[in-house]
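Worksheet: one structure, shown below.
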Amino acid sequence: MTSLRQYLLVFGTFARNSLIRDMTFRANFIIEFFSSLSWVFMNLGFYILIFRYTPSLGVGTGWGKYEFFAFTGTGLMINSLAAMLFMTNADNFGNFVRQGNLDFLLLKPIDTQFIVSLQRIDWSSSGNFFVGLLLLLYSLRQMNYVPSAVTIALYIVYMICGLLILYSLMFMMASTSVWLGRNETLFDFWFYIVNFARYPMEIYEGRFGRPFRWFFTFIIPVLVAVNVPARFIARPLKPQTLQDWALAGFTIVATVVMLVLCRLVFLAALRSYRSASS
Amino acid sequence: MSAIEIRNLSKTYRVNRKKEGLWAAVRGLLRPEYEVIHAVRSISLTVERGEFVAFLGPNGAGKTTTLKLLSGIITPTAGTATVLGHVPWKRENAYRRRFALVMGQKNQLWWDLPAAESFRLHQQIYQIPPEQFTRTRDELTDMLGVRHLIHRPVRELSLGERMKMELIAALLHSPEVLFLDEPTIGLDVVAQYTIQQFLREYQTQKKTTVILTSHYMKDVAALCRRVVVIFDGRIIYDGSLSSLVDHLGAYKIITIRFANGTPAGDLARFGQVILREPPRIKLRVPRTEATEIVRAILAQYAAEDVSVEDPPLEELIATLFTSAHCTAEESLVPSPLHSADH
Amino acid sequence: MSTAILDTNPVPQRILGRCRLWATILRISIQERIVYRGDFMLGTLMRFLPIVTQMFLWAAVFAAAPGPSGGDTRIVGYRYQDMVAYYLLTMLSRAFSSMPGLASGITREIREGGIKKFLIQPIGLLEFLFFYRVAHKLVYYSIAAVPFAVVFYLCRGFFLHTPHGWEWAAYIASLILAFLLGFFLEATIGLLGFWFLEVSSLLFIYMLLSFFFSGHMFPIDMLPQPFYTIVRMIPLQYLAYFPSAVFLGKVQGEELVTGLLVQAAWVVTFMVLAKITLQRGLKRYSGFGG
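Residue numbers (our numbering), protein chains in the order written: chain X, 1 to 278; chain B, 1001 to 1342; chain P, 2001 to 2290.
Here it is, written out as structure tokens:
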């Protein structure tokens, strides 16, 4: 009865309603739009500065200037989608749970996780997506590399996996507000975690770096989110090693596992939901 | 099969107790302390299809909690309940499509968007066929007289108008069961009246099973004949409204504002003086004598304002529970009182 | 606890009164922070997490950067350890100079009319906010000092250079001046709320520029030429970069003294600006019949 088509239609209405709402508060929208863009440009400025003093990140990693920009572009696209689709909702979910406003969502004959995850779309983060795309295209051009159709398809698949991994992490954390109460810090935590994933995983070397890298690849797979798709598209000069393929395979597994875990945690949170007294 | 069947339903909460003081706050970090609240204590109830039942009771009595249990919003600590054959807290989509919940002063409509957009979303979520949707929407907006307002952002509407929109949204999918939690709270008298009339007409037409909670006797009097009184998590009365009033309403409160200051004479001969705030006086008098007494007072003194009211609900309830005048069978038996006329 | 009492009593009682005020603020602030138990523990420690990423990033940068084989690779004069130390030090500088909520609080008071009470009370808005901010910093960092100390201790290996002798005094002076500068700068921006209704966009631009050009993101020395000179001319560098540079010995001797004087000059400039803006603003405000 509740088919895919219905979910798509409802999502479309969410997108539309959110857009109408964002346009009503135009000034705010513009400020947010440009603030996220400015942040991106500041970071780009920083990266450009870095590459004035070094030809690559780490020795022999293959992450030269334009490879790195391709990586950054990928990251921008994934993160902007996560911000657009999920961030406001995750934030609101935490609030709803604490203030007992989840009630109305629980009444609807549609999957609660679906509504909770997608009802608000933040269009002001859309700018970053296009900057990321442009950056990627620019880097590919500078590297004189035209990826094959298969590569592009895989790239898109792994970007989606990355997005879903980020989603699962975000909502698992948001769900914990049922038990932990006010969780502003939890969202700061989110930014810090995602911060680790902003650079190629190869920078995590050494006595602390390696275990760190291992943890954030296999236990909390944030590093995988941007790294795997980026590798497909940004390391054309190095042949794809077996290790690369193993990591890619692991990413698929990780995506599924994370989604399942997220669902379980979410349902557990709903069971503990208390609903505010009037 | 009855529409709603509740058997020994209970809900208990554990609330974190926060204490004053730095040391207590630190201890709270290490060893949190709890307080146990019994919101609903083993209540049992049956509601047939098409009935319009009121839950009456003071704040914190458990009315809202019961509705939330029946809506599946929260899960019970003990006991069972079925609504239209479904167990509410399983939150099956099939069940959710058949009922609606409206909570006074709580909005589910998108705040910054016109109500029409929220209705549209509603249609998609409930999968209401377009023709039926348009028909129902127009019918409801006409009945409540807000047709011209549906394209205005909800935040620009008055409280009463917003409530009407909430009601419409809830009824768009023609639910078989309707739960209303204090729907007229905070509204002005006109809006209250309009909504009451609407609910009465709607329910008569559609034969929806309705449970309405309120702590206003007026809501109840206007709309239903069956009243369930809830106090401290328990049902202490389940019967007709008229019986309840007869049982308890032995008294009336007369409030008089005298035109020329409080009269010097002894007013106690008219009835029990419960408030003396010159030029205002409140008297408690036996119900049957109320009219006579008012006439007598007005014959002697000039008054600016006179009102005759039922005692406040809390007082009635408290009387119900602890009244010394009550016969043994009424006050000491924990199970609900029954009444001959239902 | 009327602040009006503070001004008419003799000095010892005023100090006592103020101490009591601080004690109450302290107590309430601590309580508020402890109330949400999950949060508090994590919060302070987590602010150091971005530094971890920076440490790895710079390690990778230095590893591949051209430099003398077997010797210390330097980027604009910083060795790898200096770079990490730099970031840790900017965290410390920011602890002094960041003023969360100051400007927005002022604009809110202006917008909502709360500013009115400062027209009649003997204690000035700036004074009040200043002491509040001092108290708040004391409270916050007396607790946050623990994670700070832990982190600095664990990272002590990165501090290859520490100040000598009087340079310590200079360093501390630069931190205090950074606090004063941050306060008066942000206060001035907030006070512009008397003229512009939406100071928030201005504030946002300030935050952005501040992050980039104060040295918080990277040492200012890294900037290529026309930018480097320009940035040295604006006061933002004194909020994060300057104290850190002092500690690391990048600014020494005469340059150090000049630097401190310029920093102090900026403090005075903004202090005066803030006062004038407040006066003019209040005049304008009461002219509207409040």
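Every residue, glycine too, gets a C-beta built ideally from N, C-alpha and C.
- Interface with chain X (8 Å Cβ-Cβ cutoff): Ile-2075/P is included.
- What Ser-2201/P touches in chain X, judged by beta-carbon distance under 8 Å, is Ile-31, going in chain order.
- Here the alpha carbon of Arg-120/X sits roughly 20 Å from the alpha carbon of Phe-191/X.
- When Cβ-Cβ separations below 8 Å define contact, Asn-28/X makes no contact with chain B.
- Nearest neighbour of Tyr-1251/B by Cα position, chosen from Lys-1063/B, Glu-1309/B, Leu-1157/B, turns out to be Glu-1309/B.
- Contact note: Asn-17/X reaches chain B through Trp-1110, Leu-1113, Glu-1117, Leu-1121, using a C-beta cutoff of 7 Å and chain order.
- In the structure shown, Gln-1272/B adopts extended strand secondary structure according to DSSP, grouped into three states.
- Annotation: the stretch 1042–1120 of chain B contains the following complete segments of the alpha helix (DSSP H) (minimum length 4 residues), in chain order: 1063–1071, 1093–1096.
- Taking one beta carbon from each stretch, the stretch 1197–1217 of chain B and the stretch 1162–1180 of chain B have 3 or more pairs nearer than 8 Å; the two touch.
- The beta carbon of Tyr-199/X falls within 8 Å of a beta carbon belonging to chain P, placing the residue at that interface.
- Neighbourhood of Gln-113/X in chain B, by CB distance below 9 Å: empty, with the nearest CB roughly 12 Å away.
- When the Cα atoms are used, Trp-1111/B and Arg-2284/P turn out to be separated by approximately 36 Å.
- For the C-beta of Gln-1192/B, not a single chain X residue is nearer than 7 Å; the gap to the nearest is close to 18 Å.
- At a cut-off of 8 Å between beta carbons, Asp-188/X contacts chain P.
- Taking one beta carbon from each stretch, the stretch 1189–1204 of chain B and the stretch 1163–1173 of chain B have 3 or more pairs nearer than 8 Å; the two touch.
- Within the stretch 140–160 of chain X, contact with chain P at the beta-carbon level (separation under 8 Å) is assigned to no residue.
- Judged by pairs of C-beta atoms under 8 Å, the stretch 2143–2159 of chain P touches the stretch 2076–2087 of chain P, as three or more such pairs exist.
- Comparing alpha-carbon positions, the option among Glu-1117/B, Arg-1097/B, Pro-1114/B lying closest to Ile-110/X turns out to be Arg-1097/B.
- Membership of Val-2251/P in any beta strand (DSSP E) is not indicated, and neither H nor E is assigned to it by DSSP.
- Ile-1230/B is positioned such that its CB atom lies closer than 8 Å to that of Ala-1061/B.
- Taken atom to atom, the span from the alpha-carbon of Gly-2253/P to that of Pro-2243/P is near 14 Å.
- Membership of Thr-1255/B in the beta strand (DSSP E) is indicated by the continuous run 1251–1258.
- When Cβ-Cβ separations below 8 Å define contact, Gln-99/X makes no contact with chain B.
- Here the C-alpha atom of Phe-2131/P lies approximately 41 Å from the C-alpha atom of Trp-123/X.
- Excluding residues up to 5 positions away in sequence, Ser-1240, Leu-1241 lie with their Cβ nearer than 7 Å to the Cβ of Arg-1225/B in the same chain.
- Under the DSSP assignment, Thr-1213/B falls outside any alpha helix (DSSP H), being part of the beta strand (DSSP E) whose first and last residues are 1209–1214.
- Just so you know, the alpha carbons of Arg-2108/P and Val-1053/B end up roughly 48 Å apart.
- When CB distances to chain B are screened at a threshold of 7 Å, the residues of the stretch 80–107 of chain X falling below it are Asp-103, Phe-104, Leu-106, Leu-107, in chain order.
- For Phe-29/X, same chain residues with a beta-carbon under 6 Å away, outside a window of 5 residues either side, are Asp-22, Ser-124 in chain order.
- Short of 7 Å from the beta carbon of Phe-266/X, and not among the five residues preceding or following it, lie these beta carbons of its own chain, in chain order: Gln-113, Phe-171, Ser-175.
- Within chain B, the C-beta atoms nearer than 9 Å to that of Thr-24/X come from Asp-1112, Leu-1113, Pro-1153, in chain order.
- Take Gly-1079/B, set aside five residues on each side of it, and the residues of its chain with a beta-carbon closer than 7 Å to its own are Arg-1007, Asn-1008, Leu-1009, Ser-1010, Ser-1042, in chain order.
- According to DSSP, Tyr-1013/B shares a beta bridge with Ile-1037/B.
- Pro-109/X carries a coil assignment under DSSP once its states are collapsed to helix, strand and coil.
- Taking 8 Å as the upper bound for CB-CB distance, Leu-136/X and Thr-74/X are in contact here, some 6 Å apart.
- Judged by pairs of C-beta atoms under 8 Å, the stretch 2049–2061 of chain P does not touch the stretch 2162–2170 of chain P, as fewer than three such pairs exist.
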